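Visitor:
Chains as they are written, first to last, in the working numbering: chain A, 29 to 380; chain B, 2 to 322.
So this is what it looks like as structure tokens:
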């Protein structure tokens with residue numbers, strides 16, 4: 029049965045819609061987060077190309093299903109913790125990040141969570157369970173472990189931590205140390221490995237030599253899952269099980285999704301190194317378009333409804349841009365220049 | 002009661018565990034084994050579930066501490082040797098050091114670094130890394146030189162809302178003794194005049210304080226009156242106390258066990274020259290360990306780092322200018 033036409037999409041809360049009889053009630057809400065992510069990122073890409081965003085823009089195009097399917101199984105209000113990575117716009121939004129946060133962070137607004145001090149994908153709200161990634165890959169996994177250990181020491185049960193890495197991050201010592209650590213402590217950690225075939229321009233045959241990254245789960249002593257990262261239904265089912273098991277106390281879970289990054293590493297990169305054969309393979313399926321077709325084939329919503337959702341989303345993104353774009357820029361004369369919370373120990377003005 | 006520097010570190014951790022539920026200890030071999038130097042002896046028994054052995058994963062150890070600190074805990078990490086913290090460098094400087102500035106959320110935790118050389122310890126169990134960590138924003142770097150400071154500064158470090166690199170010197174562990182544990186000490190960031198004098202100032206910290214005091218006592222036999230400043234904190238540096246001392250003496254020698262290029266000595270001298278050039282009667286001098294890896298054989302090691310003898314020689318040069 030289709031969703032009521034007049035109902036606004038539940039953008040700020042991914043609650044399953046009881047009226048939907050899809051195999052997975054989360055399908056339509058997750059699709060909406062994916063669509064919001066795509067529209068928002070298209071806008072960010074065009075802002076970058078027109079010179080309105082400095083630094084870089086890093087998109088999750090093609091990875092929205094895999095990213096959001098994890099996050100919709102997390103409960104931010106219930107204390108779950110999430111450390112998204114570079115291509116997790118969809119997951120961030122699904123977890124509960126306000127739409128204005130990415131817009132403000134990319135534009136460097138002092139009203140955003142990073143206040144112009146950090147930009148683009150390096151944003152978070154740690155007090156609200158969303159950690160702010162650093163650029164060094166694999167480094168967030170042990171930080172999630174730390175939050176989970178803290179919960180355990182305080183006697184809190186039933187909360188999980190999740191993070192996402194790419195195929196490239198699995199080559200780091202940091203990733204290895206942290207996944208092993210989580211396994212030793214049997215922490216409720218879910219690690220999503222988005223195998224998008226390229227770490228910047230380096231293909232997987234120069235990244236690892238095992239037959240399948242999921243085989244590494246055996247070595248770490250954690251539960252491993254494989255899924256088609258272009259297939260939202262499958263992603264939802266696999267992450268649903270992985271998160272449930274972690275929540276139930278079964279220890280770390282590792283989910284490897286196969287997909288293709290449908291953009292460059294950043295918007296400065298034309299990804300010309302991706303072979304044409306791969307671009308035509310099943311890996312290159314656009315998860316958003318595939319999910320749309322699934323909705324239409326199954327008549328979970330009509331084309332008109334989907335168009336309406338998109339229109340609403342475009343309006344929301346435009347509103348967010350208008351708001352963030354009208355805000356003042358950071359003022360260096362008003363900046364505290366203090367990297368410690370204990371102000372009297374700061375030496376921040378030393379070099380000035 | 003006779004308390005060693007190592008006892009003080011053990012007792013400070015016991016007190017922190019007893020008085021603050023947010024405190025826990027994480028490191029290699031620290032639980033039932035009690036640590037490579039026994040700084041956590043019997044703490045795992047006394048505080049069940051709060052003294053945890055880690056895998057040999059320095060990066061993940063510090064990452065774990067950061068996550069727990071974000072979540073409101075007060076972890077104390079024991080690096081088995083300061084040297085191995087290089088594996089955790091990224092988490093320390095890029096994750097912990099940037100977190101408060103970027104997000105506004107402080108990360109209160111302590112990393113204990115058993116630092117400095119010892120006979121036969123060689124290149125990988127002897128380093129003094131305070132200058133390295135002090136270079137990065139967002140970290141507090143402490144260097145206790147006495148039993149009393151080891152105790153009160155570690156407790157202060159746990160109470161501080163920011164990440165603290167706690168450089169404790171292995172050479173002081175067993176040999177330095179006090180009558181009793183102190184009830185209070187100087188606040189973090191304050192230097193201490195360890196020996197008052199009028200002819201020259203030695204600015205130093207940690208184990209080098211004791212070499213500097215020996216040198217000062219030796220020169221006292223020749224009627225030289227040397228002032229010795231114990232910095233206690235490599236970051237922040239108590240520039241005011243250093244400048245006030247130089248104002249009294251007109252001469253400064255900085256002594257540190259770390260490598261010579263850049264670092265704490267260079268920083269202190271830069272500040273004195275920039276802010277107190279008019280106070281100087283002689284060019285500032287510095288003594289560091291040599292710019293080679295730290296050698297294994299005791300003969301080579303003793304000639305690699307500053308000693309009372311080399312400090313005395315440097316002071317004679319400074320006084321003769």
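Using N, Cα and C, we set each Cβ at its ideal position, and we do this for glycine too. If you're wondering where the values come from, they're calculated on a predicted model, not measured in any experiment.
Could you pull out every residue in the same chain whose Cβ sits closer than 6 Å to the Cβ of residue 319 of chain A, ignoring the five residues on either side in sequence?
Guide: Within the first chain, numbered from 1, the residue matching residue 319 of chain A stands at position 291. Closer than 6 Å at Cβ, skipping near neighbours: 59 and 260.
Visitor: So which residues on chain C does residue 163 of chain B lean against when the C-beta distance must stay under 9 Å?
Guide: The chain labelled as chain C is not found among the protein chains of the depicted structure, namely A and B.
Visitor: Determine the DSSP secondary structure at residue 315 of chain A, reduced to helix, strand or coil.
Guide: Against the first chain, residue 315 of chain A aligns to sequence position 287. The answer is helix: DSSP assigns residue 315 of chain A an H, G or I state.
Visitor: Does the beta carbon of residue 322 of chain A sit closer than 8 Å to a beta carbon anywhere in chain B?
Guide: The sequence position of residue 322 of chain A within the first chain is 294, counting from 1. By this cut-off, residue 322 of chain A is not an interface position.
Visitor: Comparing alpha-carbon positions, which option in B/259, B/252, B/236 and B/118 lies nearest residue 225 of chain B?
Guide: Within the second chain, the letter at position 224 stands for residue 225 of chain B. For residue 225 of chain B, the nearest C-alpha among the options comes from B/252.
Visitor: Which of the three DSSP states, helix, strand or coil, is assigned to residue 308 of chain A?
Guide: Residue mapping note: residue 308 of chain A aligns to position 280 of the first chain, counting from 1. The three-state secondary structure of residue 308 of chain A, taken from DSSP, is coil.
Visitor: Between which two residues does the alpha helix (DSSP H) carrying residue 92 of chain A extend?
Guide: Sequence index remark: in the first chain, residue 92 of chain A carries index 64 (1-based). Per DSSP, residue 92 of chain A belongs to the alpha helix (DSSP H) from 92-99.
Visitor: Just the Cα atoms here: how many angstroms apart are residue 1 of chain B and residue 130 of chain A?
Guide: In the structure as shown, chain B begins at 2 and stops at 322. Residue 1 of chain B is therefore absent and cannot be evaluated.
Visitor: Beta-carbon of residue 74 of chain B versus every beta-carbon of chain A: anything under 8 Å?
Guide: As a working mapping, residue 74 of chain B is identified with position 73 in the second chain. Yes, residue 74 of chain B lies at the interface with chain A (some Cβ there is under 8 Å from its Cβ).
Visitor: Report yes or no: is there a C-beta of chain A within less than 8 Å of the C-beta of residue 58 of chain B?
Guide: Residue numbering aside, residue 58 of chain B sits at position 57 when the second chain is read from its first letter. Cβ-Cβ to chain A under 8 Å: yes for residue 58 of chain B.
Visitor: Does residue 146 of chain A get closer than 8 Å to chain B when you measure Cβ to Cβ?
Guide: Numbered from its first residue, the first chain carries residue 146 of chain A at position 118. Judged by the 8 Å Cβ criterion, residue 146 of chain A is in contact with chain B.
Visitor: I'd like to confirm the pairing. Which residues does DSSP put opposite residue 26 of chain B in its beta bridges?
Guide: Numbered from its first residue, the second chain carries residue 26 of chain B at position 25. DSSP, once it has assigned bridges, lists B/52 and B/77 as partnering residue 26 of chain B.
Visitor: Quick one, which of B/317, B/43 and B/271 has its alpha-carbon nearest residue 213 of chain B's?
Guide: Counting from one through the second chain, the residue named residue 213 of chain B turns up at place 212. With distances taken between Cα atoms, residue 213 of chain B lies closest to B/317.
Visitor: 8 Å is my cut-off, CB to CB: does residue 125 of chain A come that close to chain B?
Guide: As a working note, residue 125 of chain A is residue 97 in the first chain. Chain B, which has no Cβ nearer than 8 Å to the Cβ of residue 125 of chain A, makes this no.
Visitor: Anything in the segment 152-163 of chain A with a Cβ closer than 9 Å to a Cβ of chain B? List those residues in chain order, please.
Guide: Per Cβ criterion, the list reads 152, 153, 154, 155, 159, 160, 162 and 163.
Visitor: Our contact map puts residue 84 of chain B next to residue 125 of chain B with C-beta atoms below 8 Å; I'd like the distance itself, whole angstroms only.
Guide: Start at 1 with the first residue of the second chain, and residue 84 of chain B comes out as number 83. Start at 1 with the first residue of the second chain, and residue 125 of chain B comes out as number 124. The pair is a contact, with the Cβ atoms about 5 Å apart (cut-off 8 Å).
Visitor: Spatial neighbours of residue 280 of chain B within its chain, please: CB distance less than 8 Å, with the 5 preceding and 5 following residues excluded, ordered by chain position.
Guide: Within the second chain, residue 280 of chain B is the residue found at index 279, counting from 1. Taken in chain order, the residues that qualify are 244, 247, 248, 251 and 273.
Visitor: When you compare only the Cα positions, how much space is there between residue 54 of chain A and residue 112 of chain B?
Guide: Against the first chain, residue 54 of chain A aligns to sequence position 26. Against the second chain, residue 112 of chain B aligns to sequence position 111. As the crow flies, the alpha-carbon of residue 54 of chain A is around 44 Å from that of residue 112 of chain B.
Visitor: At a CB-CB cut-off below 8 Å, which residues of chain B make contact with residue 179 of chain A?
Guide: For the purposes of this step, residue 179 of chain A is identified with residue 151 of the first chain, where counting begins at 1. Those are 72, listed as they occur along chain B.
Visitor: Which of the residues in the segment 136-152 of chain B, read from start to end, lie with their CB under 7 Å from any CB of chain A?
Guide: Across the segment 136-152 of chain B, CB contacts with chain A closer than 7 Å involve 138, 139 and 141, in sequence order along the chain.
Visitor: Quick one: what does DSSP say residue 110 of chain B is sitting in, helix, strand or coil?
Guide: Your numbering for residue 110 of chain B matches position 109 in the second chain. Here residue 110 of chain B sits in coil by DSSP.
Visitor: Which residues does DSSP pair with residue 142 of chain B in a beta bridge?
Guide: By one-based count along the second chain, residue 142 of chain B stands at place 141. Residue 142 of chain B pairs with B/166 and B/236.
Visitor: Beta carbon of residue 168 of chain A, beta carbon of residue 191 of chain A: below 8 Å?
Guide: As a position in the first chain, residue 168 of chain A is number 140, starting the count at 1. As a position in the first chain, residue 191 of chain A is number 163, starting the count at 1. Against a cut-off of 8 Å, the Cβ pair of residue 191 of chain A and residue 168 of chain A comes out as a contact.
Visitor: Can you tell me which of the three DSSP states residue 81 of chain A falls into?
Guide: Position 53 of the first chain, counting from 1, holds the residue named residue 81 of chain A. Looking at residue 81 of chain A - three-state DSSP - the assignment turns out to be coil, as it is neither helix nor strand.
Visitor: Leaving out five residues on either side along the sequence, give the residues of the same chain with a beta carbon under 7 Å from the beta carbon of residue 136 of chain A.
Guide: As a position in the first chain, residue 136 of chain A is number 108, starting the count at 1. Excluding positions up to five away in sequence, the list reads 144, 147, 357 and 358.
Visitor: Excluding five sequence neighbours on each side, which residues of the same chain lie with their C-beta closer than 6 Å to the C-beta of residue 132 of chain B?
Guide: Here residue 132 of chain B corresponds to residue number 131 of the second chain, with the count starting at 1. Excluding sequence neighbours, residue 132 of chain B sits near 259, 264 and 265.
Visitor: Tell me which same chain residues have a C-beta within less than 7 Å of the C-beta of residue 101 of chain A, skipping the five on either side of it?
Guide: Within the first chain, the letter at position 73 stands for residue 101 of chain A. Hits under 7 Å: 267, 268 and 271.
Visitor: Could you compute how far the alpha carbon of residue 22 of chain B sits from the alpha carbon of residue 39 of chain B?
Guide: Taking the second chain and counting its residues from 1, one reaches residue 22 of chain B at position 21. Taking the second chain and counting its residues from 1, one reaches residue 39 of chain B at position 38. Distance between the alpha carbons of residue 22 of chain B and residue 39 of chain B: 22 Å.
Visitor: Please report whether the beta-carbon of residue 68 of chain B lies at a distance below 8 Å from any beta-carbon of chain A.
Guide: As a position in the second chain, residue 68 of chain B is number 67, starting the count at 1. Residue 68 of chain B has a beta carbon lying within less than 8 Å of a beta carbon in chain A.
Visitor: Kindly indicate if chain B contains any beta-carbon less than 8 Å away from that of residue 225 of chain A.
Guide: As a position in the first chain, residue 225 of chain A is number 197, starting the count at 1. So, not an interface residue.
Visitor: Do residue 211 of chain A and residue 248 of chain A have their CB atoms nearer than 8 Å?
Guide: Locating residue 211 of chain A in the first chain gives position 183, counting from the first residue. Locating residue 248 of chain A in the first chain gives position 220, counting from the first residue. Remark: C-beta atoms of residue 211 of chain A and residue 248 of chain A approach each other more closely than 8 Å.
Visitor: Count the other CB atoms, across all protein chains shown, that sit within 10 Å of the CB of residue 284 of chain B; report buried if there are 16 or more and exposed otherwise.
Guide: Taking the first residue of the second chain as 1, we reach residue 284 of chain B at position 283. Exposed, because fewer than 16 other Cβ atoms sit within 10 Å of the Cβ of residue 284 of chain B.
Visitor: Please classify residue 308 of chain A: is it buried, with 16 or more other beta-carbons within 10 angstroms of its beta-carbon, or exposed?
Guide: One-based indexing of the first chain puts residue 308 of chain A at position 280. Exposed, because fewer than 16 other Cβ atoms sit within 10 Å of the Cβ of residue 308 of chain A.
Visitor: Which partner residues does residue 5 of chain B have in the DSSP bridge list?
Guide: By 1-based counting over the second chain, the position of residue 5 of chain B is 4. Under DSSP, the beta-bridge partners assigned to residue 5 of chain B are B/178.
Visitor: Distance cutoff 8 Å, beta carbons only. Does residue 131 of chain A sit that close to anything in chain B?
Guide: Numbered from its first residue, the first chain carries residue 131 of chain A at position 103. No - not a single Cβ of chain B is within 8 Å of the one on residue 131 of chain A.
Visitor: Please report how far the alpha carbon of residue 40 of chain A lies from the alpha carbon of residue 146 of chain B, in whole angstroms.
Guide: Numbered from its first residue, the first chain carries residue 40 of chain A at position 12. Numbered from its first residue, the second chain carries residue 146 of chain B at position 145. Reliability of the predicted coordinates at residue 40 of chain A is poor, the pLDDT of 30 falling under 50, and no value is obtained from them.
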